[in-house]
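Peer 1: Quick one: the structure is below, and I'll ask about it shortly.
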Amino acid sequence: MPTVPLSPQWRTVATERTVLAVVHNVTAATRLFDVLELFAGDPRVQVVFTCPGSSAFTDGTSEYLAARGVTTLPWSRAIRTRFDSAISASYGGDLHEINAPLIVIPHGMGYNKFLETGNRKPETGNRKPETGNRKPETYSDFPPPG
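Written out as structure tokens, the structure reads:
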């Protein structure tokens, strides 16, 4: 998979589109590799990788990419280069600086979940640790088994 934009004279096959993969950390990278597999067999699409360096969890990201044969385009150069599309698995960093339409995909369970803040109390509320008093639930919409 090409990892930096190649000048036309160095390409074996002419590409028609270039996609920027924005890798924030290893978790995001694994998700991006799942999605980028869709382009792997299409010689018309060149995928270029960059790391914005904005995640608090960047440890191991460079090694993870290097182990897969990926070299990255420096963020400063990536934001000065025009791409046909960009894909990220995180909203972190200055994604608004990317010169391409941006697709942000979730990278795991609970991603994009809104958390309540400011009004949560540490007590358990009205929950009672009762057992054995639940009535069996019936669903009249479903036919009886058998």
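Heads up: the sequence shown begins at 372 in the numbering used here, then just goes up one per residue.
From the three backbone atoms N, C-alpha and C, an ideal C-beta is built for every residue, glycine too.
Given the structure is predicted, the values throughout are model-derived calculations rather than measurements.
1) Does the Cβ-Cβ distance between Thr443 and Asn396 come in under 7 Å?
2) Among Leu403, Arg388, Phe420, Leu436, whose alpha-carbon lies nearest the alpha-carbon of Ala449?
3) Just grab the DSSP bridge partners of Thr389 for me.
4) Could you round the C-beta distance between Pro414 and Val384 to whole angstroms and report it? I think they count as a contact, below 8 Å.
5) Report the rounded CA-to-CA distance for Pro472 versus Thr386, giving the unit in angstroms.
6) State yes or no: is the C-beta of Ile458 within less than 7 Å of the C-beta of Ile474?
7) Tell me whether Ser461 is buried or exposed, calling it buried when 16 or more other Cβ atoms sit within 10 Å of its Cβ.
8) Beta-carbon separation of Ala392 and Val416 under 7 Å?
9) By how many angstroms is the C-alpha of Pro423 removed from the C-alpha of Ala399?
10) What are the start and end residues of the alpha helix (DSSP H) that includes Leu407?
11) Among Ala411, Val406, Pro477, Val394, whose alpha-carbon lies nearest the alpha-carbon of Ser426?
12) Within 10 angstroms of its Cβ, does Arg388 collect 16 or more other Cβ (buried), or is it exposed?
13) Helix, strand or coil for Ala460 per DSSP?
Peer 2: A quick look at the data gives this:
1) In the sequence shown, residue 443 corresponds to position 72, counting from 1. In the sequence shown, residue 396 corresponds to position 25, counting from 1. Between Thr443 and Asn396, the CB-CB gap reaches or exceeds 7 Å.
2) Sequence index remark: in the sequence shown, residue 449 carries index 78 (1-based). Cα-wise, what sits closest to Ala449 is Phe420.
3) The residue you call residue 389 lines up with position 18 of the sequence shown. Paired residues: Gln417.
4) As a first step, residue 414 must be located in the sequence shown, where it is residue number 43. As a first step, residue 384 must be located in the sequence shown, where it is residue number 13. About 4 Å; that satisfies the 8 Å criterion.
5) The count along the sequence shown starts at 1 and reaches residue 472 at position 101. The count along the sequence shown starts at 1 and reaches residue 386 at position 15. Take the alpha-carbon of Pro472 and the one of Thr386: they are about 18 Å apart.
6) Locating residue 458 in the sequence shown gives position 87, counting from the first residue. Locating residue 474 in the sequence shown gives position 103, counting from the first residue. Yes; because the gap between Cβ atoms is below 7 Å, this pair is in contact.
7) The residue labelled residue 461 in the question sits at position 90 within the sequence shown. Ser461 should be labelled buried.
8) As a first step, residue 392 must be located in the sequence shown, where it is residue number 21. As a first step, residue 416 must be located in the sequence shown, where it is residue number 45. Their beta carbons are not under 7 Å apart, which means Ala392 does not touch Val416 by this criterion.
9) Translated into the one-based positions of the sequence shown, residue 399 becomes position 28. Translated into the one-based positions of the sequence shown, residue 423 becomes position 52. Going from the Cα of Ala399 to the Cα of Pro423 covers about 12 Å.
10) Within the sequence shown, numbered from 1, the residue matching residue 407 stands at position 36. First-last of the alpha helix (DSSP H) with Leu407: 397-407.
11) In the sequence shown, residue 426 corresponds to position 55, counting from 1. The shortest Cα separation from Ser426 among Ala411, Val406, Pro477, Val394 belongs to Val394.
12) The residue given as residue 388 occupies position 17 in the sequence shown. It is exposed - the Cβ of Arg388 has fewer than 16 other Cβ atoms within 10 Å.
13) In the sequence shown, residue 460 corresponds to position 89, counting from 1. Ala460 falls in the coil class under three-state DSSP.
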